[in-house]
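> Counting from 26, one number per residue, gives the positions in the sequence shown under this note's numbering. Please see the structure below; I have some questions.
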Amino acid sequence: MGITINGVTVETDENGYLVNLEDWTEEIAGKLAEGEEIDMKDEHWALVKFLRNYYDEYQIAPAVKVLTKAIAAEQGIDKKEASEFLYGLFPKGPALQACKVAGLPKPTGCV
Numbered sequence: 026m027g028i029t030i031n032g033v034t035v036e037t038d039e040n041g042y043l044v045n046l047e048d049w050t051e052e053i054a055g056k057l058a059e060g061e062e063i064d065m066k067d068e069h070w071a072l073v074k075f076l077r078n079y080y081d082e083y084q085i086a087p088a089v090k091v092l093t094k095a096i097a098a099e100q101g102i103d104k105k106e107a108s109e110f111l112y113g114l115f116p117k118g119p120a121l122q123a124c125k126v127a128g129l130p131k132p133t134g135c136v
């Protein structure tokens, strides 16, 4: 399986996640987002960058609770509002969809 951009095919797994994290580019992220029916806006990109930075530091994608807490602290809102914000950006699950778009592995514990 894979996605093709400008004649170059990038390998994905059976769930559409990149097989090789180093293949990720913003252009590939846009194509992955299209497949998830997400129209990328500044808020989406900010979350994708947060996830990629987190992964670079910890070598794992954050759990939804960790992500929600970080967004709440960053935006000065409570965790319920942060959760609603995240699900507004990635309705099928902020961990699943956002990690896919960010080119990260499927988060542990996500089905």
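Here a beta-carbon is modelled for each residue, glycine too, at the ideal position from N, C-alpha and C. These numbers were taken from a predicted model, which means no experiment stands behind them.
#1: Quick check on DSSP: helix, strand or coil for T93?
#2: Could you say which of D38, D67, M26 and R77 lies nearest to T50 if we only look at CA atoms?
#3: If I follow the unbroken alpha helix (DSSP H) through E62, where does it start and stop?
#4: Where in the stretch 42-86 do unbroken runs of the alpha helix (DSSP H), each at least 4 residues long, occur, reported from the N-terminal end onward?
#5: What would DSSP say about V136, mapped onto helix, strand or coil?
Result, derived from the coordinates:
#1: When secondary structure is reduced to three states using DSSP, T93 falls in the helix class.
#2: If you compare the alpha carbons of D38, D67, M26 and R77 with that of T50, the shortest gap goes to R77.
#3: First-last for E62: undefined, no H or E at that position.
#4: Complete alpha helix (DSSP H) runs here, min 4: 51-60 and 67-83.
#5: Summary for V136: the model assigns pLDDT 48, below 50, so the residue's position carries little reliability; its value from the coordinates is reported in the next sentence. Three-state DSSP puts V136 in coil, outside helix and strand.
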